[in-house]
Amino acid sequence: MKKTTLAQAYVFRATKRLKALEVLLHEESYSDVVREAQEVIELALKGLLREIGMDPPSSTMWATSESVGRSQAGGRSRPEDGRGVWLKGLPS
Numbered sequence: 522m523k524k525t526t527l528a529q530a531y532v533f534r535a536t537k538r539l540k541a542l543e544v545l546l547h548e549e550s551y552s553d554v555v556r557e558a559q560e561v562i563e564l565a566l567k568g569l570l571r572e573i574g575m576d577p578p579s580s581t582m583w584a585t586s587e588s589v590g591r592s593q594a595g596g597r598s599r600p601e602d603g604r605g606v607w608l609k610g611l612p613s
């Protein structure tokens with residue numbers, strides 16, 4: 522599958538889940554709204570990263586980046602430069 526096609530698929534899936542948020546919100550299922558909103562953001566971000574030619578990190582790398590970021594930043598959630606560990610290789 523071409524990267525552009527995969528990027529479009531991620532954004533398409535994010536759009537569909539965004540519509541589902543309205544139903545969950547109407548049903549006052551707030552914990553599900555939060556969970557699905559996080560998924561929408563993740564899918565959209567993965568789509569955008571793929572669109573610019575970057576392979577997004579795997580789900581396990583997100584968690585690893587967070588824990589490494591905390592240890593490098595003295596307990597804060599991100600390294601001092603404000604970027605995640607997996608973004609360190611990108612130009613500022």
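In this text, residue positions in the sequence shown follow the numbering used here: the first is 522, and each later residue adds one.
C-beta atoms are modelled at their ideal positions from N, C-alpha and C, and glycine is treated no differently.
Alpha-carbon spacing of residue i relative to residue j, whole angstroms
i: Glu560; j: Gln529; result: 16 Å
i: Val532; j: Ile562; result: 10 Å
i: Arg556; j: Arg538; result: 11 Å
i: Glu549; j: Leu564; result: 23 Å
i: Gly574; j: Thr526; result: 12 Å
Residue i and residue j closer than 8 Å at C-beta
i: Leu545; j: Asp553; result: yes
i: Arg571; j: Pro578; result: no
i: Ala558; j: Leu542; result: yes
Residue i, enclosing alpha helix (DSSP H) - first and last residue
i: Ser552; result: Tyr551 to Glu572
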